[in-house]
Amino acid sequence: MLNPHPAWLRRFSQNRRRIVVLAVVSVVVGGAFGALYAPSWLTGSANPDDLKRVALGQSIYQNNCASCHGTKLEGQANWRSRNDDGKLPAPPHDESGHTWHHSDQQLFRIVKHGLTPPLAPANYKSDMPSFEEVLSDEEIWAVLIFIKSTWSPKIRDRQDRINKAYD
Ligand code: HEC
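Under the working numbering, the sequence shown has 179 at position 159, and the numbering climbs by one with no breaks.
Structure below.
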């Protein structure tokens with residue numbers, strides 16, 4: 021006759037609690053580790069406390085964005101008024117602009133694809149380039165991390181709320 025309680029099953033039930041506890045502990049520890057150290061291109065958000073990526077983002081910003089958005093993120097003069105060609109000048113990325121009015125995901129989209137639908141009307145004319153062919157996803161996240169690192173805690177907090185509403 022088949023043994024209804026094979027030894028491995030008995031051992032499993034005896035150890036079950038230990039296995040469950042171990043599983044819970046690994047999920048919690050793994051999650052905490054992931055939240056702290058997972059690269060932004062995996063999590064889809066920009067953590068401005070990630071100092072290594074702030075430094076990387078700063079050099080990418082100076083090489084790719086500063087010519088229009090300013091070395092101090094101050095944007096171009098009269099950025100609220102359209103140029104003669106009907107296009108808008110580059111806005112600041114510091115707190116005086118409206119970059120922080122956008123969620124991380126929207127900012128990522130703008131940098132990767134430029135101001136294209138669904139974030140802008142079709143045929144919208146803009147000098148903001150698409151960086152899809154220039155920067156990797158990880159580099160785009162690094163630039164956003166750098167930009168966010170320059171904001172005050174109050175503005176970061178407000179943009180975090182926009183992130184949550186958007187998710
Ligand atoms: C050739 C000039 C130019 C370069 C280089 C450039 N931008 Fe822009 N960017 C613009 C202009 C102009 C706008 C505003 C376009 C509009 O609203 O029509 C803009 C808009 C943006 C916006 C939207 C801001 C908002 O408040 O809506 C983001 C984000 C942005 N740029 C990020 C970047 C980043 C990051 C880089 C570098 C990787 C970069 N840009 C490089 C010209 C540029």
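Positions of the beta carbon are idealized from the N, C-alpha and C atoms, including for glycine.
Asked                                                                                                          : Found
Pro109 beta carbon near the ligand HEC (any heavy atom closer than 8 angstroms)                                : yes
Cα-Cα separation, Asn183 to Gln34                                                                              : 45 angstroms
When Ile165, Ala185, Gln126, Gln82 are compared against Ala140, the one with the closest alpha-carbon          : Gln126
Phe128 classed as buried or exposed, judged by whether at least 16 other C-beta atoms fall within 10 angstroms : buried
Cα-Cα separation between Ala86 and Ile165, rounded to whole angstroms                                          : 15 angstroms
Three-state secondary structure assigned by DSSP to His121                                                     : helix
Leu42 burial status per 10 Å Cβ neighbour count (16 or more: buried)                                           : exposed
CB contact check: Ile160 to chain B, cutoff 9 angstroms                                                        : Absent from the structure: chain B. Only one protein chain is present.
Rounded separation between Asn67 and Ile167 - CA only                                                          : 11 angstroms
Alpha helix (DSSP H) segment containing Arg102, residue limits                                                 : Arg102 -> no alpha helix (DSSP H), and no H or E assigned at all.
Distance cut-off 8 angstroms: Ser87 Cβ against heavy atoms of the ligand PLP                                   : As far as ligands go, the structure on display features the ligand HEC and does not contain the ligand PLP.
Rounded separation between Asn143 and Ser101 - CA only                                                         : 20 angstroms
Proximity winner among Pro112, Ser46, Trp28, relative to Gly90 (alpha-carbon distances)                        : Pro112
Candidates Ala110, Tyr81, Asn103: closest to Pro96 by CA position                                              : Before going on, a small fix: residue 96 reads as Gln here, not Pro. Checked all of Ala110, Tyr81, Asn103; the closest Cα to Gln96 is Ala110.
Proximity test, Pro68 beta-carbon vs the ligand HEC heavy atom, cut-off 8 angstroms                            : no
Inter-residue Cα distance where the pair is Pro137 and Ile130                                                  : 10 angstroms
Heavy atom of the ligand HEC within 8 angstroms of Phe151 beta-carbon                                          : yes
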